[in-house]
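Asker: First the structure, which I've put down as structure tokens, then a few questions once you've had a look.
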Amino acid sequence: MIILTGKDLEEVLKPEIAVNAVREAFSLFSSGKVIQPQRQVITIKGNWWGIMPSFTDFSFSTKIVNVIPKNKEKGLPSVQGVVILMSPDTGETLAILEGSILTAIRTASASVLSTELALRSRHIDTLGIIGAGMEAKYHLKITLKFFSVSRVLISARKSHYELAKEYGGEAVELEKLLKESQVIYATTSSDKPVVLGKLLSNDFHVSSIGAHTPTAREIDDDTIMKSKTYFVDSLEAVSNETGDFIEPKRKGIMPQVYEIGEIINKNIKIQRPSIFKTVGIAAQDNITAYIAYEEALKRGIGIKI
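Using the numbering used here, you'd call the opening residue of the sequence shown number 7 and step up by one each time.
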């Protein structure tokens with residue numbers, strides 16, 4: 007068994023490898039080759055906790071993850087977690103992986119993958135990042151290494167000036183970001199929309215990773231109605247877990263909806279403007295953890311115990 011720290015994961019999960027890992031995860035999931043019971047969600051001291059098991063023919067994983075917004079006040083990441091990877095054949099524990107970095111990498115990689123599918127290109131004219139936390143940082147790190155990006159705009163309540171300086175972006179007001187961005191990543195803990203359709207151009211791609219409860223929204227109705235394609239990580243998951251899907255569906259304003267795995271498997275051409283909504287699924291953790299484990303073994307990375 008090996009232990010992989012956050013630093014180890016950054017070493018083995020280079021952007022190309024990480025994006026291909028989530029590509030494989032979504033493809034297998036939509037093909038019915040990943041079994042994952044619905045995650046158990048628990049509220050502990052007012053904070054969101056999730057337990058996410060899944061298995062394939064070659065790996066079993068369980069992730070315990072939480073989102074604790076007040077951690078920011080203590081200088082800690084708001085997302086914490088651990089992933090346990092085991093053999094489905096022998097039951098042996100193969101690896102224990104730091105969960106917050108794995109989550110950040112696989113979530114950002116899903117947004118990057120959705121963008122590649124939507125743009126059918128490796129170039130982004132103007133990238134807009136809403137938020138300045140850990141997820142925003144990893145979205146920047148992976149996107150800037152996977153795509154050529156002409157311009158980066160960042161907007162948040164605070165800390166976006168530091169993030170912009172670190173990654174060569176511009177710290178701007180939200181209105182400017184929405185008006186001028188070709189690709190927008192919403193990486194917030196807001197429960198009210200930050201992506202406002204009236205401000206968007208007529209050709210955009212949005213990836214939204216927040217709004218994890220049935221009444222929370224990151225994307226407003228105007229954005230939904232303006233889009234031509236709405237795709238998700240799991241129809242079952244978004245139908246139960248996010249107001250960004252539940253509310254527009256109830257109102258009957260949803261455009262054509264696909265799972266991202268279906269788009270990959272059937273080579274479906276995405277029509278823009280487009281939205282990718284992800285709440286995160288266990289298949290991503292499973293496959294990304296397994297590929298990280300294999301890469302670590304090849305390269306002699308990790309702590310053996």
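Note that CB positions come from ideal geometry on N, CA and C, so glycine has one too.
CB-CB under 6 Å to Tyr191, same chain, minus the five flanking residues each way: which ones, in chain order?
Answerer: The sequence position of residue 191 within the sequence shown is 185, counting from 1. So the qualifying residues of the chain are Ser117, Ile135, His145 and Ser213.
Asker: In the DSSP assignment, find the unbroken beta strand (DSSP E) run with Lys283 in it and report its ends.
Answerer: Against the sequence shown, residue 283 aligns to sequence position 277. Note, Lys283: beta strand (DSSP E), Ser280 to Lys283.
Asker: Leaving out five residues on either side along the sequence, give the residues of the same chain with a beta carbon under 6 Å from the beta carbon of Ser315.
Answerer: An answer regarding residue 315 cannot be provided, because it is not within the stretch 7 to 311 covered by the chain.
Asker: Which whole runs of the beta strand (DSSP E) in the segment 135 to 164 are 3 residues long or more, in chain order?
Answerer: Runs found: 154 to 161.
Asker: Considering Lys69, what are the terminal residues of the beta strand (DSSP E) in which it resides?
Answerer: Taking the sequence shown and counting its residues from 1, one reaches residue 69 at position 63. Lys69 -> beta strand (DSSP E) spans Phe66 to Val73.
Asker: Quick check: what's the CA-CA separation for Ser245 versus Lys257?
Answerer: Taking the first residue of the sequence shown as 1, we reach residue 245 at position 239. Taking the first residue of the sequence shown as 1, we reach residue 257 at position 251. Between Ser245 and Lys257, the C-alpha separation is close to 14 Å.
Asker: Could you name the residues of the same chain whose beta carbon sits closer than 6 Å to that of Thr149, not counting the 5 residues immediately before and after it, in chain order?
Answerer: As a working mapping, residue 149 is identified with position 143 in the sequence shown. Here the set comprises Val118.
Asker: Got a sec? Which residues, its chain only, sit under 6 Å from Thr68 by beta carbon, not counting five neighbours each side?
Answerer: Taking the first residue of the sequence shown as position 1, residue 68 is located at position 62. Pro59 and Ile90.
Asker: For Ser187 and Lys164, what's the separation of their Cα atoms in angstroms?
Answerer: Looking up residue 187 in the sequence shown gives position 181. Looking up residue 164 in the sequence shown gives position 158. Answer to the nearest angstrom: the Cα atoms are 20 Å apart.
Asker: Please go through the same chain and pick out, in chain order, the residues whose beta-carbon is closer than 8 Å to the beta-carbon of Ile111, but skip the five residues on each side of it.
Answerer: One-based indexing of the sequence shown puts residue 111 at position 105. Excluding sequence neighbours, Ile111 sits near Leu15, Glu16, Leu19, Ala24, Tyr144, Ile148 and Thr294.
Asker: Check the C-beta distance from Val238 over to Ile266 and give it rounded, since I have them as a contact under 8 Å.
Answerer: On the sequence shown, position 232 is the one that residue 238 refers to. On the sequence shown, position 260 is the one that residue 266 refers to. Indeed they touch by this definition, with Cβ atoms about 7 Å apart.
Asker: When the Cα of Ser161 is compared with those of Val200, Phe64 and Arg126, which residue comes out closest?
Answerer: Within the sequence shown, the letter at position 155 stands for residue 161. Nearest C-alpha to Ser161: Val200.
Asker: Are there 16 or more other CB atoms within 10 angstroms of the CB of Glu22, so buried, or fewer, so exposed?
Answerer: Taking the first residue of the sequence shown as 1, we reach residue 22 at position 16. Exposed, since its Cβ has fewer than 16 Cβ neighbours within 10 Å.
Asker: Counting Cβ pairs closer than 8 Å, one from the segment 220 to 238 and one from the segment 164 to 178, do we hit at least three?
Answerer: The segment 220 to 238 is not in contact with the segment 164 to 178.
Asker: Does DSSP classify Gln277 as helix, strand or coil?
Answerer: Residue numbering aside, residue 277 sits at position 271 when the sequence shown is read from its first letter. Looking at Gln277 - three-state DSSP - the assignment turns out to be coil, as it is neither helix nor strand.
Asker: Hey, could you find the ends of the beta strand (DSSP E) Thr235 is sitting in?
Answerer: Within the sequence shown, residue 235 is the residue found at index 229, counting from 1. Where Thr235 is concerned, the enclosing beta strand (DSSP E) stretches over Thr235 to Val238.
Asker: With distances taken Cα to Cα, identify the nearest neighbour of Leu133 among Val189, Leu82, Met7 and Ile276.
Answerer: Stepping through the sequence shown from its first residue, residue 133 is reached at position 127. Out of Val189, Leu82, Met7 and Ile276, Val189 has the C-alpha closest to the C-alpha of Leu133.
Asker: In chain order, what residues of the same chain lie with their CB nearer than 6 Å to the CB of Val158, ignoring the 5 residues before and after it?
Answerer: Numbered from its first residue, the sequence shown carries residue 158 at position 152. Excluding positions up to five away in sequence, the list reads Leu133 and Gly175.
Asker: Asn312 lies in the alpha helix (DSSP H); which residues open and close that run?
Answerer: Outside the displayed range of the chain (7 to 311) lies residue 312, so it cannot be described from this structure.
Asker: Report the three-state DSSP secondary structure of Gln86 (helix, strand or coil).
Answerer: Locating residue 86 in the sequence shown gives position 80, where the first residue counts as 1. The answer is strand: DSSP assigns Gln86 an E or B state.
Asker: Is Asp131 helix, strand or coil when you go by DSSP?
Answerer: As a position in the sequence shown, residue 131 is number 125, starting the count at 1. Strand at Asp131.
Asker: List the endpoints of the continuous alpha helix (DSSP H) containing Ile297.
Answerer: Translated into positions along the sequence shown, residue 297 becomes position 291. Counting along the chain, the alpha helix (DSSP H) containing Ile297 begins and ends at Ala288 to Arg305.
Asker: Taking 8 Å as the threshold, find out whether the segment 298 to 306 comes into contact with the segment 44 to 51 through three or more Cβ pairs.
Answerer: Result no; under three Cβ-Cβ pairs closer than 8 Å.
Asker: With respect to the beta strand (DSSP E) encompassing Leu10, which residues constitute its N-terminal and C-terminal limits?
Answerer: For the purposes of this step, residue 10 is taken as the residue at position 4 of the sequence shown. Segment Ile8 to Leu10, the beta strand (DSSP E) holding Leu10.
Asker: Are Tyr296 and Phe153 close, meaning C-beta to C-beta below 8 Å?
Answerer: Locating residue 296 in the sequence shown gives position 290, counting from the first residue. Locating residue 153 in the sequence shown gives position 147, counting from the first residue. No, they are not a contact pair.
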